[in-house]
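Numbering of the sequence shown is given in UniProt numbering, commencing with residue 1 and proceeding in unit increments.
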Amino acid sequence: MSEKAVVAGVGMTKFVKPGQNDPYPQMGAAAINDALADAGINYDAVQQAYAGYTYGDSTCGQTVIYKVGMTGIPVINVNNNCSTGSTALFLARQAVESGAVDVALALGFEQMQPGALGSHWDDRPCPFDAFDAETDALVGHPEIPLALRYFGGAGKAHMEKYGSSLTDLARIRAKASRHAVNNPLALFRKELSPKDVLEAPMIWEGVMTRLMACPPTCGAAAAVVVSDKYARAHGLDNSVQIIGQAMTTDTPSTFDSHDMMRLVGYDMTAAAAAQVYEQTGIGAQDIDVVELHDCFAHNEMITYEGLSLCAEGGASQFIADGDNSYGGKYVTNPSGGLLSKGHPLGATGLAQCYELTRQLRGSAGPTQVEGARTALQHNLGLGGACVVTMYQAQ
């Protein structure tokens, strides 16, 4: 029987706008030190480390970790686009559950540049070439930055197929702002109404306003993952356990369906969620709190359905009924999500882990979901990878 993985400690920095950040080694080290302090262990107990970042040279992970300690352990650098942080967590959890180690560190950090995301290489094929070509064919609008076309196009496809509206997306963004008011680590903490969101500058007529997109930010987050046996032997907090986790990548349907929702990972999400529900024997109806990948309000909308929080085509009613917030069926993104915190690519998945671990400990302060026992995390990267993780309070 495999050894269950426990999240013994978490830490993160406040996410800030590019140019307002400390250099990535300082941000990363701060998150590690917070996670170690939270776990109540020293760095020399860590046996393996997985360091996630997207924009940086090789061995940036060592550069960060060496600021905390140099013990000669394996340090593995991880790059999986926007799902980088949760990929590091996936690997740390695997190392612990396999019995290879008792203590693993998962770290994510990013020092972002302002503006839309883009490739830093122009002398070789881009990993998004096929995605870009399909987006050109399905939605056009070459004047709009690609990330906005990807997810705006997915939202537009949902609108055309199911009758969802710009108002639904505005309600999602307003909900994120209400949650972020209570999160001191969120970048944007001003409460917005759906009307405020709709009256923001229009980026794509009828599809997206500026407030429906998350901003680039800089930050770091970390988690100490240990075996339950180790936690008990050393008197560590073993109250939050990873009880299911799955990583998926693209299948032929990503392109063969000629559907923008599938191009941006809907099928990866649905497959990963289904695997986790099967692993755990726990269905979506039993989840209390969710942190999902809301890089755009559009992705949050389609992800409700991909995670089976509501039926396919049911997102509009789900939103209108308030089933995505406190008092509804599921509190989604109590942290305020990427829409309020921003999206430092390598750190995002571990920031989600930070929030959900605190929720299940009952120590989330003003964002606390009352009685939260089971939590679901969804982190998506185009190109592509999706990680879905289920946590439970023991």
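For every residue, glycine included, the Cβ atom is placed at its ideal position computed from N, Cα and C.
Looking at the strands, I want to know which residues DSSP matches up with Phe296. Ala213
Just how far apart, CA to CA, sit Val64 and Gly11? 15 Å
Assigned exposure category for Asn42 - 16 Cβ within 10 Å defines buried: Looking at its Cβ environment, which holds fewer than 16 other Cβ atoms inside 10 Å, Asn42 is exposed.
Gln377, buried or exposed, once every other Cβ within 10 Å from all chains shown has been counted against 16: buried
Between which two residues does the beta strand (DSSP E) holding Ala5 run? Ala5 to Met12
Counted within 10 angstroms of its Cβ, other Cβ atoms place residue 395 as buried (16 or more) or exposed: Since the first residue shown for the chain is 1 and the last is 394, residue 395 is missing from the structure and cannot be characterised.
Could you tell me the alpha carbon to alpha carbon distance between Asn299 and Gln20, rounded to whole angstroms? 28 Å
If we ignore side chains and look at the alpha-carbon of each, how far apart do Asn238 and Ala231 end up? 6 Å
Report all residues from its chain with a CB closer than 6 Å to the CB of Val248; omit the five preceding and five following residues, and keep chain order. It is Thr, not Val, that sits at residue 248 in the sequence shown. Counting only Cβ-Cβ distances below 6 Å, and skipping sequence neighbours, we find Met268, Ala271, Ala272 and Cys386.
Residues near Thr367 in its chain [Cβ-Cβ closer than 7 Å; skip 5 each side]: His179, Asn182, Asn183, Pro334 and Ser335
Cβ atoms of Arg93 and Ile242: under 7 Å apart, would you say? yes
Who does Leu107 pair with in a DSSP beta bridge? Ala51 and Ala222
Local conformation of Met1 per DSSP, three classes: The predicted position of Met1 is uncertain, since its pLDDT is 46 and thus under 50; no value can be drawn from it.
According to DSSP, residues forming a beta bridge with Leu376: Val290 and Met390
Cα-Cα separation, Leu192 to Tyr326: Whole-angstrom Cα-Cα distance: 17 Å.
Ends of the alpha helix (DSSP H) at Gln275? Tyr266 to Thr280
Quick one: what's got a C-beta closer than 6 Å to Ser227's C-beta in the same chain, skipping five residues either side? Glu3, Val96 and Asp102
Quick check on this structure: which residue in Glu305, Thr251, Gly362 and His158 has the alpha carbon closest to the alpha carbon of Gln285? Glu305
Could you tell me which residues DSSP puts in a beta bridge with Trp204? Met208
Minimum length 4: unbroken alpha helix (DSSP H) runs contained in the region 281-369: Listed in chain order, the complete alpha helix (DSSP H) runs (minimum 4 residues) inside the region 281-369 are 297-306, 315-320, 337-341 and 345-361.
Buried/exposed call for His258, threshold 16 Cβ in 10 Å: exposed
Using the Cβ count rule (16 or more neighbours within 10 Å means buried), how would you classify Ser177? buried
Option in Pro216, Ala186, Glu143 and Arg171 with minimal Cα separation from Leu198: Arg171
State buried or exposed for Met1, treating a residue as buried only when at least 16 other CB atoms are found within 10 Å of its CB. Low per-residue confidence applies at Met1: pLDDT is 46, beneath 50, and the placement is therefore not dependable, though the value from the model is reported in the following sentence. Flag for Met1 reads exposed.
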